[in-house]
C-alpha cells in the first residue's frame, strides 16, 4: 500500500485500522504472558516430580543424560527460572 497516495480520510481510516490491529496484538501479548506465568507452576511441578523419581530410584545422573531426561530437566529449569524472575 502506498500511503503517500491516500487521501486524508483514507489515511484516517488506515490509522484507525492500525490502532485496532495494535489493540488486538496487545491483547494477544497479555494472554500469552498470562499463559506463561500460569504454566511456570506446572513446569516447576513436573521438574519436582522428575527429581523425586531420581531421588527415590537412586538412578545415576548419567542415566538421565543417556535417556534425554537431563535435557528436559534443563529446559524445565530454564523455563521456571525465566518466568519467576
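Numbering (our numbering), first residue to last: 36 to 120.
Think of the CB as a built atom: it goes at the ideal place given N, C-alpha and C, for glycine as much as any other residue.
Distance from residue 82 to residue 112 at the Cβ level is roughly 6 Å; contact confirmed, criterion being Cβ atoms closer than 8 Å.
Rounded to whole angstroms, the separation of the alpha carbons of residue 77 and residue 59 is 27 Å. With contacts defined by Cβ atoms closer than 7 Å, residue 108 and residue 85 form a contacting pair. Residue state for residue 44 is assigned as helix, using DSSP reduced to three classes.
The C-alpha of residue 53 lies about 16 Å from the C-alpha of residue 39.
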